[in-house]
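Chains as they are written, first to last, in full-length UniProt numbering: chain A, 1 to 201; chain B, 1 to 201. Even glycine gets a Cβ: it sits at the ideal position worked out from N, Cα and C. Here is the structure we will look at.
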């Protein structure tokens with residue numbers, strides 16, 4: 001087939017496809033604050049949430065980030081966003097359970113963090129609330145979904161919430177508008193590569 | 001079981017777990033520039049790449065972003081990152097094929113974008129190169145993997161590259177160090193919610 005014939009067919013096919021896409025878009029008319037969940041054991045859950053923070057800041061809106069596990073170490077995302085005037089960054093943990101080895105301190109950190117997160121979930125000026133790695137203190141029983149789900153449901157109607165972490169609880173998935181499950185197809189760590197600056201932290 | 005007994009067992013269990021984790025970490029000693037692929041049809045591929053840009057900038061390093069499909073519209077991530085002195089942002093497309101409906105223009109944009117991306121892939125000062133939605137011009141046959149894969153393989157050894165987009169080609173997956181497949185479990189769009197500012201763009 002000649003290039004010009006390919007081009008002509010492409011134009012016809014994409015024109016028809018646009019009608020299908022436009023019809024779908026025409027049906028999606030609702031604006032609302034979304035509850036998004038990034039779960040699964042692959043790389044990309046927290047980094048995706050931080051990408052949404054960048055988008056939010058790009059529109060001059062405010063974001064609040066509550067980091068429920070990492071915390072002891074200054075990570076790149078915190079160095080970058082914490083300095084931004086439209087970001088509230090709260091450290092709500094001191095590390096993985098096997099690093100802290102202190103159940104009571106982990107519980108206290110998670111609960112103190114959740115109290116702060118509730119403030120953001122009640123503030124209509126906050127466009128995006130990131131509850132980073134919230135699934136872990138929930139799954140460990142340190143925080144109760146009976147507290148969390150009503151606070152999320154009662155938030156300002158245009159506020160977006162992103163929850164990240166492995167093994168998101170069924171109640172979180174059910175309440176969510178958008179859920180992505182990130183599958184670990186391949187990971188450099190298993191080939192002997194340690195966590196890399198700018199990529200993993 | 002009493003709280004103090006729970007705490008004691010937790011400490012013992014996490015201490016043992018730390019030995020396992022530390023042994024794994026001790027085996028991962030390599031530092032190298034990674035090729036990361038974020039594929040699958042769920043939400044979070046590009047936003048994850050932008051989160052890694054934030055991490056990179058948090059360490060005072062440089063990032064270069066080549067956006068192969070989106071482009072006509074000013075999106076939040078571009079508004080945010082394009083203004084940053086350590087970011088090179090290149091628009092390498094004018095929209096989805098069904099929006100442009102112009103095969104020759106799409107091919108020309110993709111090829112011009114790839115020529116610019118090759119410059120970044122040869123520059124050791126660039127810590128992270130994002131080839132956002134590169135999978136589409138590859139799968140459409142507009143760009144050749146015979147050009148792309150050697151340029152990626154020959155890049156500076158500590159430079160990281162992130163490729164995003166659905167249906168990543170087998171050659172890209174094979175060459176990658178880390179691959180995440182993002183599954184669309186649930187998406188607000190199918191419930192009639194249109195793309196939301198700060199979340200989807």
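9 Å Cβ cut-off: residues of chain B touching residue i
i: residue 23 of chain A; result: In chain order: nothing, as chain B lies at least about 12 Å away.
i: residue 2 of chain A; result: Per Cβ cutoff of 9 Å: no residues; residue 2 of chain A is ~12 Å from chain B at best.
i: residue 136 of chain A; result: Those within 9 Å of residue 136 of chain A in chain B number zero; the least Cβ separation is about 13 Å.
Same chain, Cβ closer than 7 Å to residue i, five either side skipped, listed in chain order
i: residue 132 of chain A; result: 46, 49, 65, 66, 67, 68, 164
i: residue 145 of chain B; result: 138, 169, 171
Candidates the options, of which the one nearest residue i by Cα
i: residue 86 of chain B; options: B:56, B:148, B:74, B:73; result: B:56
i: residue 63 of chain B; options: B:92, B:51, B:74; result: B:51
i: residue 201 of chain A; options: A:13, A:19, A:70, A:116; result: A:70
Sub-7 Å separation of residue i and residue j beta-carbons
i: residue 130 of chain B; j: residue 162 of chain B; result: yes
i: residue 40 of chain A; j: residue 172 of chain A; result: no
i: residue 60 of chain A; j: residue 76 of chain B; result: no
i: residue 98 of chain B; j: residue 143 of chain B; result: no
i: residue 194 of chain B; j: residue 28 of chain A; result: yes
i: residue 44 of chain B; j: residue 180 of chain A; result: yes
i: residue 11 of chain B; j: residue 196 of chain A; result: no
i: residue 120 of chain B; j: residue 54 of chain A; result: no
i: residue 192 of chain A; j: residue 107 of chain B; result: no
i: residue 151 of chain B; j: residue 118 of chain B; result: yes
i: residue 128 of chain A; j: residue 160 of chain A; result: yes
i: residue 104 of chain B; j: residue 7 of chain A; result: yes
6 Å CB neighbourhood of residue i in its chain, flanking five on each side removed
i: residue 157 of chain B; result: 33
i: residue 176 of chain B; result: 35, 37
i: residue 82 of chain A; result: 89
Chain A residues whose Cβ lies nearer than 7 Å to that of residue i
i: residue 81 of chain B; result: 54
i: residue 184 of chain B; result: 180
i: residue 50 of chain B; result: 51, 54
i: residue 7 of chain B; result: 103, 104
i: residue 188 of chain B; result: 34, 177, 178
Listed by chain order, chain B residues near residue i by CB distance under 7 Å
i: residue 98 of chain A; result: 14, 17, 18, 21
i: residue 127 of chain A; result: 198
i: residue 61 of chain A; result: 198
i: residue 95 of chain A; result: What residue 95 of chain A touches in chain B: nothing, since even the nearest Cβ is about 10 Å away.
Residues that residue i contacts on chain B, provided the C-beta gap is smaller than 8 Å
i: residue 191 of chain A; result: 30, 177
Own chain partners of residue i with C-beta closer than 8 Å, once the 5 adjacent residues on each side are dropped
i: residue 178 of chain A; result: 34, 35, 36, 37
i: residue 167 of chain A; result: 39, 135, 139
i: residue 149 of chain A; result: 171, 172, 175
i: residue 88 of chain B; result: 62, 63, 64, 65, 120, 126
i: residue 189 of chain A; result: 195
i: residue 42 of chain B; result: 182, 183, 184, 185, 187
Contacts that residue i makes with chain A (C-beta to C-beta distance below 9 Å)
i: residue 69 of chain B; result: By Cβ distance, chain A contributes nothing, its closest Cβ being about 13 Å from residue 69 of chain B, past 9 Å.
Residues that residue i contacts on chain A, provided the C-beta gap is smaller than 8 Å
i: residue 201 of chain B; result: 55
i: residue 194 of chain B; result: 25, 28, 29, 30, 31
Min CB distance residue i to chain D below 7 Å
i: residue 144 of chain B; result: Among the protein chains in the structure shown, which are A and B, there is no chain D.
TODO: Ignoring anything shorter than 4 residues or poking outside the stretch 97–168 of chain A, list the alpha helix (DSSP H) runs there in chain order.
DONE: Entirely contained in the stretch 97–168 of chain A, the alpha helix (DSSP H) runs reaching 4 residues are, in chain order, 97–100, 103–120, 135–139, 145–153.
TODO: Run through the stretch 29–83 of chain B for me and flag every whole alpha helix (DSSP H) of 4 or more residues, listed as ranges in chain order.
DONE: Segments of the alpha helix (DSSP H) lying fully in the stretch 29–83 of chain B: 45–58, 76–81.
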